[in-house]
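K.L.:
Numbering of the sequence shown is given in my numbering, commencing with residue 95 and proceeding in unit increments.
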Amino acid sequence: MTRDQASGLRKMNQEYNDKVKVIAVTGGKGGVGKTSVSINTAVALAEKGKRVVVLDADLGLANVDVMLGLRAERNLSHVLSGEAELDDIILRGPKGIGIIPATSGTQAMVELSPAQHAGLIRAFSEMKTQFDILIVDTAAGISDMVLSFSRASQDVLVVVCDEPTSITDAYALIKILSREHGVFRFKIVANMVRSLREGMELFAKLSKVTDRFLDVALELVATIPFDENLRKSVRKQKLIVEAFPKSPASIAYHGLANKVISWPIPQQPGGHLEFFVERLVKKPEYQEEGASE
Numbered sequence: 095m096t097r098d099q100a101s102g103l104r105k106m107n108q109e110y111n112d113k114v115k116v117i118a119v120t121g122g123k124g125g126v127g128k129t130s131v132s133i134n135t136a137v138a139l140a141e142k143g144k145r146v147v148v149l150d151a152d153l154g155l156a157n158v159d160v161m162l163g164l165r166a167e168r169n170l171s172h173v174l175s176g177e178a179e180l181d182d183i184i185l186r187g188p189k190g191i192g193i194i195p196a197t198s199g200t201q202a203m204v205e206l207s208p209a210q211h212a213g214l215i216r217a218f219s220e221m222k223t224q225f226d227i228l229i230v231d232t233a234a235g236i237s238d239m240v241l242s243f244s245r246a247s248q249d250v251l252v253v254v255c256d257e258p259t260s261i262t263d264a265y266a267l268i269k270i271l272s273r274e275h276g277v278f279r280f281k282i283v284a285n286m287v288r289s290l291r292e293g294m295e296l297f298a299k300l301s302k303v304t305d306r307f308l309d310v311a312l313e314l315v316a317t318i319p320f321d322e323n324l325r326k327s328v329r330k331q332k333l334i335v336e337a338f339p340k341s342p343a344s345i346a347y348h349g350l351a352n353k354v355i356s357w358p359i360p361q362q363p364g365g366h367l368e369f370f371v372e373r374l375v376k377k378p379e380y381q382e383e384g385a386s387e
């Protein structure tokens, strides 16, 4: 075997071993803080040395770039039209996190077909940009788009706050993902709670109804406290983990980031459309012993 061949095989193995952790952040209803959870967690992960990309998957009402004070010249609509590749439209946010911006106020993007959703998910496999974690910030509701992106992710984070509509909408989302899309494990983030106890009580309310009617497993992975510094950071167009790193919410986001790092990446594909699915397919190991010049 020549040195070039050996080098090529090493590169091939490295490519397929470089698996990406994919997390969908969703919640059923709007206003529960999904985007805040997505980007603050992303920056906390970046501060721990992880390469993170956030996909703004609210294709019709994009807001991730706006929240970060960034201006997108091109977005996902240019990718879908063939005018750009995903690598071409990435913006750089705080701590170097990548942002893949969507469009705002474009009806056509909201009405994408299942085939277009699938095409977008597959397009991530062609990316040249190297990263460790993809956070998918979904739209509100239980549209086909939300369901497609959630099902294609390895972990689903459901953000809930202590409002009856938040709990009922989160339950509806969990119900349809479990019964119709084969997702049975959900990680819960109790957001904007007054105390750890309130967060645990909120989780108990949701668990009570899912335990009764659904065959799913819920896990409370974070309680993000209501923090007055959040409004101050929004006015500064900064994230709370940047502007007030020692605030209660920032500490909670770093705790969530530590948990995200510990979650295992599946070793095999799940048998349906997934982000980076071919990286989960085990490739044969090549022997380089006896490689000659």
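Note that CB positions come from ideal geometry on N, CA and C, so glycine has one too. These numbers were taken from a predicted model, which means no experiment stands behind them.
(1) To which residues of the same chain is D263 closer than 6 angstroms at the C-beta, ignoring the five residues directly before and after it?
(2) Let me check one thing: in DSSP terms, what residues is A284 bridge-paired to?
(3) Taking the alpha-carbon of G127 as reference, which of A298, L251, H211, R145 has the nearest alpha-carbon?
(4) Looking at the secondary structure, which residues open and close the alpha helix (DSSP H) in which D150 lies?
(5) For the stretch 181-252, which segments carrying the beta strand (DSSP E) assignment without a break, of at least 3 residues, lie completely within its bounds, in sequence order?
(6) Closest to G195 by C-alpha separation, out of G213, K189, L164, G176, would be which residue?
(7) With distances taken Cα to Cα, identify the nearest neighbour of E220 among A178, R186, T200.
(8) For E123, report the span of its beta strand (DSSP E) as first-last.
(9) Hey, is the stretch 146-156 in contact with the stretch 304-316, meaning 3+ C-beta pairs nearer than 8 angstroms?
(10) Shortest alpha-carbon distance to A311 belongs to which of L180, L300, Q331?
(11) Look up A351 in the DSSP assignment and say whether it is helix, strand or coil.
(12) Roughly how many whole angstroms lie between the Cα atoms of A343 and A284?
(13) Using the Cα positions of S327 and G365, report the straight-line distance between them to the nearest angstrom.
(14) Alpha carbon to alpha carbon, how far is L324 from V253?
(15) If you draw a straight line from the alpha carbon of P363 to that of D321, how long is it in whole angstroms?
(16) Does the beta-carbon of T259 have 16 or more other beta-carbons within 10 angstroms, so that it is buried, or is it exposed?
(17) Measuring only the C-alpha atoms, how far is L174 from T200?
(18) Measuring only the C-alpha atoms, how far is S386 from D112?
(19) For L170, which of V148, S244, A246 has the nearest alpha-carbon?
(20) Assuming L296 and S272 make a contact with CB atoms under 8 angstroms, what is their CB distance in whole Å?
(21) Tell me the DSSP secondary structure of F369 in three-state form.
(22) Whole angstroms are fine: how far does the CA of D181 sit from the CA of K222?
(23) Give me the Cα-Cα distance between A337 and R245, rounded to the nearest whole angstrom.
(24) Please name the residue, chosen from D256, Q248, F243, that lies closest to S289 on a Cα-to-Cα basis.
(25) Using the rule of at least 16 other Cβ atoms within 10 Å of the residue's Cβ for burial, across every protein chain shown, is Q331 buried or exposed?
(26) Can you give the beta carbon distance from L139 to A351, rounded, assuming they're within the 8 angstroms contact cut?
P.N.:
On the basis of the data shown:
(1) Taking the sequence shown and counting its residues from 1, one reaches residue 263 at position 169. Cβ neighbours of D263 beyond the five flanking positions: G122, K123.
(2) Counting from one through the sequence shown, the residue named residue 284 turns up at place 190. A284 is bridged by DSSP to V254, T317.
(3) On the sequence shown, residue 127 is found 33 positions in, with the first residue counted as 1. Among A298, L251, H211, R145, the Cα nearest to that of G127 is on L251.
(4) Taking the first residue of the sequence shown as 1, we reach residue 150 at position 56. Where D150 is concerned, there is no enclosing alpha helix (DSSP H), although the beta strand (DSSP E) it sits in stretches over 146-151.
(5) 192-194, 227-232
(6) Reading the sequence shown from its first residue, position 101 is the one you call residue 195. Note that residue 195 is Pro in the sequence shown here, rather than Gly. Measuring from the Cα of P195, the nearest candidate turns out to be L164.
(7) On the sequence shown, position 126 is the one that residue 220 refers to. Ranking A178, R186, T200 by Cα distance to E220 puts A178 first.
(8) Within the sequence shown, residue 123 is the residue found at index 29, counting from 1. Checking the displayed sequence, the identity of residue 123 turns out to be Lys instead of Glu. First-last for K123: undefined, no H or E at that position.
(9) Using a Cβ-Cβ distance cut-off of 8 angstroms, the stretch 146-156 and the stretch 304-316 are not in contact, since fewer than three pairs of beta carbons, one from each stretch, lie closer than that value.
(10) By one-based count along the sequence shown, residue 311 stands at place 217. Comparing Cα positions, the closest option is L300.
(11) The count along the sequence shown starts at 1 and reaches residue 351 at position 257. Reduced to three states, the DSSP call for A351 is helix.
(12) Counting from 1 along the sequence shown, the entry for residue 343 is found at position 249. Counting from 1 along the sequence shown, the entry for residue 284 is found at position 190. Near 12 angstroms, if we compare the C-alpha coordinates of A284 and A343.
(13) On the sequence shown, position 233 is the one that residue 327 refers to. On the sequence shown, position 271 is the one that residue 365 refers to. Distance between the alpha carbons of S327 and G365: 42 angstroms.
(14) Locating residue 324 in the sequence shown gives position 230, where the first residue counts as 1. Locating residue 253 in the sequence shown gives position 159, where the first residue counts as 1. Using only the alpha carbons, I get a separation of about 17 angstroms.
(15) Within the sequence shown, numbered from 1, the residue matching residue 363 stands at position 269. Within the sequence shown, numbered from 1, the residue matching residue 321 stands at position 227. Each residue's Cα considered, the two are about 39 angstroms apart.
(16) To locate residue 259, count along the sequence shown from 1; it is residue 165. By the 10 Å Cβ count, T259 comes out exposed.
(17) Walking along the sequence shown from the start, residue 174 turns up at place 80. Walking along the sequence shown from the start, residue 200 turns up at place 106. Those two C-alpha atoms are separated by around 13 angstroms.
(18) To locate residue 386, count along the sequence shown from 1; it is residue 292. To locate residue 112, count along the sequence shown from 1; it is residue 18. Here S386 scores only 38 on pLDDT, less than 50, and its place in the model should not be relied on; the value that follows carries that caveat. Cα-Cα distance, rounded: 27 angstroms.
(19) One-based indexing of the sequence shown puts residue 170 at position 76. The option with the nearest alpha carbon to L170 is V148.
(20) What you label residue 296 is simply residue 202 of the sequence shown in a count that begins at 1. What you label residue 272 is simply residue 178 of the sequence shown in a count that begins at 1. Not a contact, Cβ separation roughly 20 angstroms.
(21) As a first step, residue 369 is located in the sequence shown; it is residue number 275 there, counting from the start. Coil at F369, not helix or strand.
(22) Translated into positions along the sequence shown, residue 222 becomes position 128. Translated into positions along the sequence shown, residue 181 becomes position 87. Straight-line Cα distance between these residues: approximately 7 angstroms.
(23) Position 243 of the sequence shown, counting from 1, holds the residue named residue 337. Position 151 of the sequence shown, counting from 1, holds the residue named residue 245. Going from the Cα of A337 to the Cα of R245 covers about 34 angstroms.
(24) By one-based count along the sequence shown, residue 289 stands at place 195. Nearest of D256, Q248, F243 to S289, Cα basis: D256.
(25) Sequence index remark: in the sequence shown, residue 331 carries index 237 (1-based). Exposed, since its Cβ has fewer than 16 Cβ neighbours within 10 Å.
(26) As a working mapping, residue 139 is identified with position 45 in the sequence shown. As a working mapping, residue 351 is identified with position 257 in the sequence shown. Rounded, the Cβ-Cβ distance is 5 angstroms, consistent with contact.
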